[in-house]
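Going line by line, the protein sequences match chains C and W. Counting from 837, one number per residue, gives the positions in the first sequence under this note's numbering. Counting from 1370, one number per residue, gives the positions in the second sequence under this note's numbering. In this text, a Cβ means the ideal position worked out from N, Cα and C, and glycines have one as well.
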Amino acid sequence: MRVSSFAVARPAYYDRAAASVIATDQAIYAPHGGTVRSTTTVAAGKKMFIETSSTSLQNITAPTVAGVATSIVRLNATALLYTDPVRTDTLTSAVLTTLYSNSITGQTTLYASEFVYLITANTSTGGTVNHLCAFKATLFDA
Amino acid sequence: MLIRMTLIGDGTVNTPYTVDLPTFANLVTNETTGRAFADVPVSDVPADVVAFVAAYPTFDLVTPLPVPFPASLANSWAEFLARRYDLGSAKWHPVVF
């Protein structure tokens, strides 16, 4: 009698050399141009699930001229091809006692060569803002 | 490890200031001098670049390096990253500045 073999199920992603990637940028900045504070790139043969990400802003000292302060978690296919799933903006001169914040929880997939930017910017004149950008992901064999 | 790099980008939200590396954190910039400190994973830096950074420590974002970053080291770093990430040779060309 001939016995055929059954296909062996592929291990789940969390059993394929999985490792957590956690990136956070939190600091009080004076006004500045758009700046990538942190980036993470997916190497060949890997995939990455973005499991949670968040941004927030809080005016610490008032600007003399209010511009737009921004915190962004950006997912990039290339430097110019991207989406900003989590982003917080403020346009106020008031000192804030509470954070303007945003967050997502899900399982967005990044493929090889794609990357995450944590970006801050502030077009005000004077003043300082507490920016937070963060994400937690799992990187694993594709 | 902390490395002072050449800043690229124009400071807009579409093309923000950054450094030419696949992975880094804690970027601190000086747009006037075009320099930035980046916290780079040690696994992304070849030994000859580590030796150069150790030989010419930098303490601010203004004072120029006593010697320019050699083109041979720039090439070896680019090739090192191309092998490590396996995403093609033209992807990153980081420069200590």
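Any idea what DSSP makes of residue i, helix, strand or coil?
i         : result
C/Ser929  : coil
W/Phe1466 : coil
C/Arg852  : coil
C/Ser907  : strand
W/Phe1438 : coil
C/Leu975  : strand
W/Val1414 : coil
W/Leu1450 : helix
C/Asn966  : strand
C/Ser960  : coil
W/Val1419 : helix
C/Ser874  : strand
C/Ser937  : strand
C/Ala843  : coil
W/Ala1424 : helix
Suppose you measure from the CA of residue i to the CA of residue j; what does that come to, to the nearest Å?
i         : j         : result
C/Tyr849  : C/Thr941  : 18 Å
C/Gly962  : C/Ala905  : 12 Å
C/Thr959  : W/Pro1435 : 35 Å
W/Gly1380 : C/Phe976  : 33 Å
C/Thr974  : C/Thr900  : 42 Å
C/Val878  : W/Leu1456 : 9 Å
C/Gly903  : W/Ala1416 : 44 Å
C/Thr876  : C/Ala978  : 17 Å
C/Ile858  : W/Pro1439 : 33 Å
W/Pro1411 : W/Thr1392 : Sequence check: residue 1411 of chain W is Val here, not Pro. When rounded, the distance between both Cα atoms is 11 Å.
C/Gln862  : C/Ser874  : 11 Å
Looking only at its own chain, which residues have a Cβ that is under 6 Å from the Cβ of residue i, when we skip the five neighbours before and after it?
i         : result
W/Thr1398 : Leu1376, Tyr1386 and Ala1405
C/Ile896  : Ile864, Thr964 and Asn966
C/Ile908  : Asp920, Arg923 and Ile955
W/Ala1443 : Val1464
C/Ser890  : Ser939 and Ala970
C/Gly881  : Ala978
Got a sec? Which residues, its chain only, sit under 8 Å from residue i by beta carbon, not counting five neighbours each side?
i        : result
C/Val872 : Tyr953, Leu954 and Ile955
C/Gly870 : Thr906, Ile955, Thr956 and Ala957
At 8 Å on the CB atoms, spell out the chain C contacts of residue i, in chain order.
i         : result
W/Val1382 : Gly870, Thr906, Ile908, Ile955 and Ala957
If we define contact as Cβ-Cβ less than 8 Å, is residue i a contact residue for chain A?
i        : result
C/Gly881 : Although the question refers to chain A, the structure presented lacks it and instead comprises the protein chains C and W.
Using only alpha-carbon positions, find the residue among the options that is nearest to residue i.
i         : options                                       : result
W/Thr1401 : W/Ser1441, W/Asp1455, W/Gly1378 and W/Trp1446 : W/Gly1378
C/Ala930  : C/Gly881, C/Val844 and C/Ala898               : C/Ala898
W/Leu1430 : W/Lys1460, W/His1462, W/Ala1407 and W/Val1418 : W/Ala1407
C/Asp925  : C/Glu950, C/Thr934 and C/Ala957               : C/Ala957
W/His1462 : W/Asp1389, W/Val1382 and W/Ile1372            : W/Asp1389
C/Leu932  : C/Thr860, C/Thr914, C/Leu893 and C/Thr944     : C/Leu893
Since residue i meets chain W, which of its residues come closer than 8 Å, beta carbon to beta carbon?
i        : result
C/Ser874 : Phe1393, Ala1394, Asn1395 and Leu1396
Cβ closer than 7 Å: which chain C residues qualify as neighbours of residue i?
i         : result
W/Leu1371 : What W/Leu1371 touches in chain C: nothing, since even the nearest Cβ is about 14 Å away.
W/Pro1463 : Ordered by position in chain C, no residue passes the 7 Å Cβ test against W/Pro1463, which lies about 12 Å from the chain.
Using the beta-carbon of each residue, which ones in chain W are nearer than 9 Å to residue i?
i        : result
C/Asp861 : Ala1394, Asn1395 and Leu1396
Can you list, in chain order, the residues of its chain with a C-beta nearer than 7 Å to that of residue i? Leave out the 5 residues immediately preceding and following it.
i        : result
C/Tyr918 : Arg910, Leu911 and Asn912
For residue i, which residues in chain C fall below 9 Å Cβ to Cβ?
i         : result
W/Glu1448 : Residues of chain C passing the Cβ test: none, with the nearest at roughly 15 Å.
Can you list the residues of chain W that residue i reaches, using a CB-CB cut of under 7 Å?
i        : result
C/Thr877 : Pro1391, Thr1392 and Tyr1454
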